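Input: a single structure, listed below in structure tokens.
In the numbering used here, the protein residues as written are 29 to 316.
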């Protein structure tokens, strides 16, 4: 398997850093990462798909190698991540693409599909953030933890040892953790620091939108929603999503946490491939 290229795409919102696995004649797939992470975190999940898709995975604003401005208040309700994704798709996929994503990236992809349906051929949502309408938002445990997060290390190896088997990274394969750090650290005062500043990660958590499941009634494309039984997806909101978009394929993985793409990458890959194969089978079917 080939490593991805890192490219810069000039969009209407500004320059975005994107990982690309080129495949000129294959369907286009974009993968959007979770808050606090970066596109390279998912390299192990995405690389095996390079023979089947032309893959793009962008670093969101304030994450990885994308250096777009992050003024206070900009992340409110995550519409900025929706708009940045749409601006990227307008440049690289005006004909439309399959959108997949994890957590915040899944939710931003869903929001983009509602705002600009012509750009989205299908959705694969892994542990999307589905907060019930009317639930308290703003400061929360995740935002407080993110604000206190250590962000400076003597080296990438020190960061690796600090994270390995702990906290959010407890269930991650070592190679996935290495990829996260490779895409998420920058040189700083003789050592390294996280490219996603703790203040921005914290603001993103504080800015989580509520009532996103209600958007399902406005989605026009095929949807697959994958969640972990030990994750953070609200069962009630998943049920509401399916009620409003009855064609949604819902998959619950009993052993998965919120970090399902790191724990069960083959499951996410299989569902992305299923969409490609379903499209191929539909084209091959004889007329009724």
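Every residue, glycine too, gets a C-beta built ideally from N, C-alpha and C.
Note that this is a predicted model, so its numbers are computed, not measured.
**Request:** Check whether the stretch 253-268 touches the stretch 285-301, taking contact to mean three or more Cβ pairs, one atom from each stretch, closer than 8 Å.
**Result:** Flag = yes, the stretch 253-268 and the stretch 285-301 touch.
**Request:** Give the DSSP bridge partners of residue 44, in chain order.
**Result:** 37
**Request:** Leaving out five residues on either side along the sequence, give the residues of the same chain with a beta carbon under 6 Å from the beta carbon of residue 171.
**Result:** 230, 233 and 234
**Request:** Ignoring anything shorter than 3 residues or poking outside the stretch 151-224, list the beta strand (DSSP E) runs there in chain order.
**Result:** Taking only runs of at least 3 residues, the beta strand (DSSP E) segments lying wholly in the stretch 151-224 are 213-216 and 219-222.
**Item:** Three-pair Cβ contact test at 8 Å for the stretch 262-272 versus the stretch 156-168
**Value:** They touch, by the three-pair rule.
**Prompt:** Going by Cα to Cα distance, which pick from 78, 129, 108 and 120 is closest to residue 66?
**Reply:** 129
**Request:** With DSSP collapsed to three states, give me the class of residue 251.
**Result:** strand
**Asked** Run through DSSP, which three-state label would residue 232 get?
**Response** helix
**Request:** Please say whether residue 44 and residue 111 have beta carbons closer to each other than 8 Å?
**Result:** no
**Asked** Short check: CB of residue 152 to CB of residue 247, under 8 Å?
**Response** no
**Prompt:** For residue 104, which residues of its own chain have a beta-carbon under 7 Å away from its beta-carbon, when the five flanking residues on both sides are left out?
**Reply:** 235
**Asked** Is DSSP giving residue 59 helix, strand or coil here?
**Response** Here DSSP, grouped into helix, strand and coil, assigns residue 59 to strand.
**Message:** For residue 226, tell me which candidate among 63, 38 and 85 has the shortest Cα-Cα distance.
**Reply:** 63
**Sequence-distant residues of the same chain with beta carbon closer than 6 Å to residue 56, five excluded per side** = 82, 121 and 125
**Request:** Identify whether residue 124 lies in helix, strand or coil by the three-state DSSP scheme.
**Result:** coil
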